[in-house]
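Start counting the sequence shown at 491; every next residue gets the next number (the working numbering).
Here's the structure, in structure tokens; my notes come after.
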Amino acid sequence: MFAMLVEINIKEGKEQEFLEVFKRNHLGTRQEPGNLRFDVLRDPDVRTRFYAYEVYMNEAALEEHRKTVHYHRCVTELEPLMTANRSKKSLNGSFRKPLMGNNVKVQSFYQMFFNTKRLRIF
491 MFAMLVEINI KEGKEQEFLE VFKRNHLGTR QEPGNLRFDV LRDPDVRTRF YAYEVYMNEA
551 ALEEHRKTVH YHRCVTELEP LMTANRSKKS LNGSFRKPLM GNNVKVQSFY QMFFNTKRLR
611 IF
């Protein structure tokens, strides 16, 4: 399992446009055979800060994702909306079953991961 946390900071007033652009990427990514999870989160304290939590079967699946049309379109369309480059953090899975299981409350995982109850999942 290979996971990434991507931080994306958007220009003030461009939040809805970001969500429209990123939704296409989200929907396309969820159709990829190597994608296990793709969550989009918004920081309630910084309304222009978003996170993408992505989980793939392995690094090869992530590389395949980076070759897709929806990924390239998203990167191109995000460029004028962002205040800075995206920051990416690679993560290793520790609790594979709960992370991929259907009976786990996603919010609880994020509360544990970020030690906060404040991130919202879209």
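Where a beta carbon is used, it is the ideal one built from N, C-alpha and C, also for glycine.
Discussion item. Check whether the region 549 to 556 and the region 518 to 534 touch, using three or more Cβ-Cβ pairs below 8 Å as the test.
Written reply: In short, these stretches touch, since the Cβ pair count reaches three.
Worksheet item: Skipping 5 residues on each side, what residues in its chain have a beta carbon closer than 6 Å to that of Arg527?
Response: The sequence position of residue 527 within the sequence shown is 37, counting from 1. When the five nearest sequence neighbours on each side are left out, the beta carbons in the same chain lying within less than 6 Å of the beta carbon of Arg527 are those of Val545, in order along the chain.
Worksheet item: What separation, rounded to the nearest whole angstrom, lies between the Cα atoms of Met572 and Gln506?
Response: Taking the sequence shown and counting its residues from 1, one reaches residue 572 at position 82. Taking the sequence shown and counting its residues from 1, one reaches residue 506 at position 16. Going by the C-alpha atoms only, they are around 13 Å apart.
Discussion item. Please state the DSSP three-state secondary structure of Asn613.
Written reply: No information on residue 613 is available, as it lies outside the stretch 491 to 612 that the chain covers here.
Fill in: Extent of the continuous alpha helix (DSSP H) to which Glu549 belongs
Against the sequence shown, residue 549 aligns to sequence position 59. Start and end: 549 to 555.
Worksheet item: What span of residues does the alpha helix (DSSP H) with Leu581 cover, start to end?
Response: Reading the sequence shown from its first residue, position 91 is the one you call residue 581. Per DSSP, Leu581 belongs to no alpha helix (DSSP H); it is in the beta strand (DSSP E), 577 to 581.
Worksheet item: By how many angstroms is the C-alpha of Val559 removed from the C-alpha of Val536?
Response: Position 46 of the sequence shown, counted from the start, is the residue given in the question as residue 536. Position 69 of the sequence shown, counted from the start, is the residue given in the question as residue 559. Roughly 30 Å separates the two Cα atoms.
Worksheet item: Contact check, Glu613 vs Arg576 under 8 Å by CB: the rounded distance?
Response: This structure cannot speak to residue 613, because the chain is shown only from 491 to 612.
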